[in-house]
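Top to bottom, those sequences are chains S and R.
Under our numbering, the first residue of the first sequence carries the number 168, and numbering increases by one thereafter.
Under our numbering, the first residue of the second sequence carries the number 168, and numbering increases by one thereafter.
Positions of the beta carbon are idealized from the N, C-alpha and C atoms, including for glycine.
Given the structure is predicted, the values throughout are model-derived calculations rather than measurements.
Protein chains: 2
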Amino acid sequence: MFIGDLVAATGLGHDTLRWYEKIGLIPPPPRDRGGRRVYPGETLAWIAFLGRLKSTGMGIAEMRVYAALRAQGDVTAAARRELLERHRERVRAAIAALGENLAVLDDKIEIYRTIEAAAPCPTPEIQP
Amino acid sequence: MFIGDLVAATGLGHDTLRWYEKIGLIPPPPRDRGGRRVYPGETLAWIAFLGRLKSTGMGIAEMRVYAALRAQGDVTAAARRELLERHRERVRAAIAALGENLAVLDDKIEIYRTIEAAAPCPTPEIQP
DNA sequence: GCTTGACCTGGAGTGCGCTCCAGCTCGTAG
DNA sequence: CTACGAGCTGGAGCGCACTCCAGGTCAAGC
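Shown next as C-alpha cells:
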C-alpha cells in the first residue's frame, strides 16, 4: 500500500499523512528500494481510529501519547484503556452539553417564529 | 457595566471582548466621558448566547453574520431563524456522530479489558 | 500632589492543525 | 531514450481564535 492508496482510502492528504508520521501518530512504514513508503494493511484501521479520536475532540498531543503507548505493544493495554476511559468521559460530557445547547437553540427558534408571527412580512408592503 | 464586570461575569478576557467588538460580534457600547466602555445589561445575555453558538461548533464567520442580522432588528427574525435552523441540524448531526464514536470507544475499551485479562500483569514478574 | 489601578489603543505574537512549495528521484509506458 | 506521474525532502506559510504587549489616559484615595 503506497501513500496514494492511503490518501484515496482515508480522505487525508499526502502532506497530512507524512506530517502524522513526522509527529509520531503513524509508525514510520518500511520503504521500497525507491524510498517510497509501503504501508502495512493495518495502517488503514489505525488511521480510521485516529479519525474517531480526532472527531471526538482529542488533541494531537494526547493522540501522540496514545500512539506512543500503542507502539509499545500489549503491555500498555491498561494505560491505553485508562486514557480512552478518560476521553470517553469527556465525550459524554460534550454530548450532554451539546444536548443542552440544542434545547436553547430550539427555544430561540421558537421565539423567532413568534416574532415572525407578530410581524408577518420582513419588508411589509405599504398598507392602503 | 464596565468591561471588568463583563470579564468577571462571562469568563472571557478583556482582550477577547474587545476583539469580539472589533470583528462585529458585540455591538460597540457607548463610552463614559473617560472613554471607557459602558455595556448595556443585555450584552451579558448576548455574550452567553454567542457562547452557546461557539460551543456548538459555529465559527466566527457565521457568528458575525448572525450578529449583523441581530443588529438590524426584528425584520431579520426569519433570516436568523433559518440560520439557527441550519446550525441546529449540524448540531444534531454532531451529536449523532459523537454517539457513534462513543460506541466505538466502548468497544475498544472492552478489547483492552480482554487483553489485560489475558496478560494480567503489565510488567510480569519472572516465573520460577 | 501623587500614586494606584482600571481602562484605552494599535499592532505583534501564539498554538493548533494542517497545507503548500521548490526541487529532486524513481520506475514504467510509449 | 525520454517523458510523465507518483513519490521524496525540508522548510515556509496559512486560517482560526485568540492573547499579549508597550505605552498612554483617567479618576479616586491618601
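Min CB distance residue i to chain R below 8 Å
i, result
"leucine 179 of chain S", "no"
"leucine 236 of chain S", "no"
"alanine 228 of chain S", "no"
"isoleucine 193 of chain S", "no"
"isoleucine 170 of chain S", "no"
"isoleucine 190 of chain S", "no"
Beta-carbon neighbours of residue i, restricted to chain R and to distances below 8 Å
i, result
"threonine 252 of chain S", "A quick correction: the sequence has glutamate, not threonine, at residue 252 of chain S. Those within 8 Å of glutamate 252 of chain S in chain R are Ile276."
"arginine 247 of chain S", "Tyr279"
"glutamate 283 of chain S", "Ala244, Ala245 and Arg248"
"arginine 219 of chain S", "Asn268, Val271 and Leu272"
Three-state secondary structure (DSSP) of residue i
i, result
"arginine 198 of chain R", "strand"
"arginine 185 of chain S", "helix"
"arginine 203 of chain R", "coil"
"threonine 223 of chain S", "coil"
"methionine 230 of chain R", "helix"
"isoleucine 190 of chain R", "coil"
"phenylalanine 216 of chain R", "helix"
"glycine 178 of chain R", "coil"
"alanine 286 of chain R", "coil"
"glycine 208 of chain R", "coil"
Within chain S, partners of residue i - CB distance below 9 Å
i, result
"valine 232 of chain R", "Result: empty, since nearest Cβ-Cβ is about 15 Å, beyond 9 Å."
"alanine 176 of chain R", "The contacting residues do not exist; alanine 176 of chain R stays about 18 Å from chain S at best."
Proximal chain R residues relative to residue i, where beta-carbon distance stays under 7 Å
i, result
"threonine 223 of chain S", "Leu265 and Asn268"
"aspartate 241 of chain S", "Ile282 and Ala286"
Chain-ordered neighbours of residue i on chain S, where CB pairs are closer than 8 Å
i, result
"valine 258 of chain R", "Leu265, Asn268, Leu269 and Leu272"
Residue i at chain S interface by Cβ criterion, 8 Å
i, result
"isoleucine 214 of chain R", "no"
"arginine 255 of chain R", "yes"
"aspartate 199 of chain R", "no"
"proline 295 of chain R", "Model confidence at proline 295 of chain R stands at a pLDDT of 49, short of 50, so the residue's coordinates are unreliable and nothing is read from them."
Exercise for the section: Would you check if there are 3 or more beta carbon pairs closer than 8 Å linking the region 266-285 of chain R to the region 186-198 of chain R? Expected result: no
Handout entry: Inter-stretch contact at 8 Å, needing at least 3 Cβ pairs: the region 171-180 of chain R / the region 266-277 of chain R
Key = no
Handout entry: Ranges of the alpha helix (DSSP H) found wholly within the region 237-268 of chain R, counting only runs of at least 4
Key = none
Practice task
Please confirm if the region 205-221 of chain S is in contact with the region 253-265 of chain R, defined as three or more CB-CB distances below 8 Å between the two stretches.
Solution key: no
Problem - the region 225-245 of chain S contacting the region 197-204 of chain S, beta-carbon criterion three pairs below 8 Å - result: no
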